[in-house]
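First residue of the sequence shown? That's 477 in the numbering used here, and the numbers climb one at a time after it.
Ideal placement from N, C-alpha and C gives every residue a C-beta, glycine not left out.
Structure first, then comments.
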Amino acid sequence: MKQSCKNSLPSLILVFILLFGWQLGAMQMNAAYILPSPIQILQRLWELRVPLFTAHLPATMLVTGIGLAISIVFGLALAVLMDAKPGVQRAIYPIVIASQTIPTTALAPLFVLWFGYSIWSKVLVTVLITFFPITITVYDGLQSVKVEMIELLTTFGANKRDIFFKLKLPATLPYFFSALKMAIPMSIIGAAIGEWLGAQSGLGYFSRRMLTQLDGAGVFAPIVLLSVIAMLIVGMISVIEKKVIRWRGDL
C-alpha cells in the first residue's frame with residue numbers, strides 16, 4: 477500500500493501543478509464561458525448533480541455497458557478465430573485495420589439517420605471505437621505463446637483444446653486486461669461522441685446543451701464526471717487483474 481502511494485506521488489504532484497496553473501490562467505482570463513476554472517467546474521457539477529446523476533449518467537453508462545459488452549464478445553471471438561485460422565486472419569486483419577481509418581464523427585450522424593435517437597446509434601459508435609483494441613491486443617496475446625511450449629505440450633499428448641485452455645488462455649490474460657483498460661475509457665468517449673452528435677439524453681448531450689447556452693462550466697462538468705467514472709472503473713479492473721493474474725506479482 478505504501479509502495480503504491482509512493483509510486484502515485486509524482487502523478488499527484490503533476491496533476492496539482494496543472495490544476496493550479498489552470499486555476500491561475502482562468503482567473504487571469506476572467507471569461508468563464510471560454511475557460512472556467514476548476515473550482516467553477518466543481519461548483520457547477522454540484523449544482524447540476526440531480527440531472528447529471530439521475531438522468532444523464534445512467535443513460536451514458538447504459539450505452540457504454542452495452543457497447544463494451546458487444547465489443548468484448550465480438551473482439552474475443554474474432555481474435556480466437558484469427559489465431560486458429562491463419563486464412564481468416566489474412567482476410568479479416570486488413571479489414572479490422574481499415575475500420576479504424578474511418579472518422580467516427582463522420583459515421584455517427586449516419587447511425588443517427590439509420591437508427592434515429594435510439595440507444596443503438598450510440599452503441600454502434602461505442603462498438604466501432606472499442607472492438608479494435610480488444611481484437612488486436614488479444615490476438616497479439618494468443619500469438620505471443622512460444623512455439624516451443626506448444627510443441628512441448630503436444631509431445632505430452634495435449635490436443636488443441638488443452639493447448640488453448642492450459643497455455644494460450646493464461647498467457648493471453650494480461651493482454652486481455654490491458655485491452656480492457658484501454659477499451660473502457662474509449663467506450664465512454666464513444667458513448668459521449670454519439671450523444672453529442674445525436675441524442676436526447678446522456679452526458680454528451682448535456683454537455684452540448686450547455687455549450688448552446690455558453691455555460692463553460694456546464695460544458696466541462698459532464699466531462700469531468702466521465703473522466704472520474706473512467707478512472708474508477710479502470711482502477712477496479714486493475715484490482716481484479718492483480719487478483720486473477722497472481723503469477724505476475726505486483727503490476
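Start and end residues, alpha helix (DSSP H) containing residue i
i	result
Y615	595-619
K719	692-720
Y509	No alpha helix (DSSP H) holds Y509; DSSP gives it neither H nor E.
G670	645-673
A463	A question about residue 463 goes unanswered here, because the residues of the chain that appear run from 477 up to 727.
P514	514-523
Cβ neighbours of residue i in the same chain (closer than 7 Å, five flanking residues each side left out)
i	result
S620	A647
Three-way DSSP call (helix, strand, coil) for residue i in this model
i	result
T530	helix
I626	helix
P579	coil
L727	A caution first: L727 carries a pLDDT of 39, below 50, which makes its placement in the model unreliable, though a value can still be read off. Looking at L727 - three-state DSSP - the assignment turns out to be coil, as it is neither helix nor strand.
G633	coil
G678	coil
G563	helix
G501	helix
Pair within 8 Å by beta-carbon distance, residue i and residue j
i	j	result
A675	T606	no
V601	I669	yes
I489	G551	no
I699	P650	no
I564	L557	Before going further, note that residue 564 is Val rather than Ile in the sequence given. In this structure, L557 lies closer than 8 Å to V564 by Cβ.
V695	L687	yes
L554	T580	no
F529	V572	no
V614	A655	yes
F499	S513	With the sequence shown as reference, residue 499 is identified as Gln, and Phe is not the correct amino acid for it. Yes, they are a contact pair.
K657	V623	no
M625	L645	no
F652	G617	yes
Residues near residue i by beta carbon distance below 6 Å, same chain, minus five either side
i	result
A667	T536, V539, T540, K598, T602
I542	V599
W672	G680, R684
F682	H532, P698
L511	A502, M505
F591	S597
Contacts around residue i, its chain only, beta-carbon distance under 8 Å, and the 5 residues preceding and following it disregarded
i	result
Y509	L690, D691, G692
L727	Only weak support is given to the placement of L727: the predicted model assigns it a pLDDT of 39, under 50, and the value that follows is read from those uncertain coordinates. Correct list, in chain order: S714, E717, K718, I721.
R637	none
A706	I660, P661, I664
L544	T602, T606, A659, I660, S663
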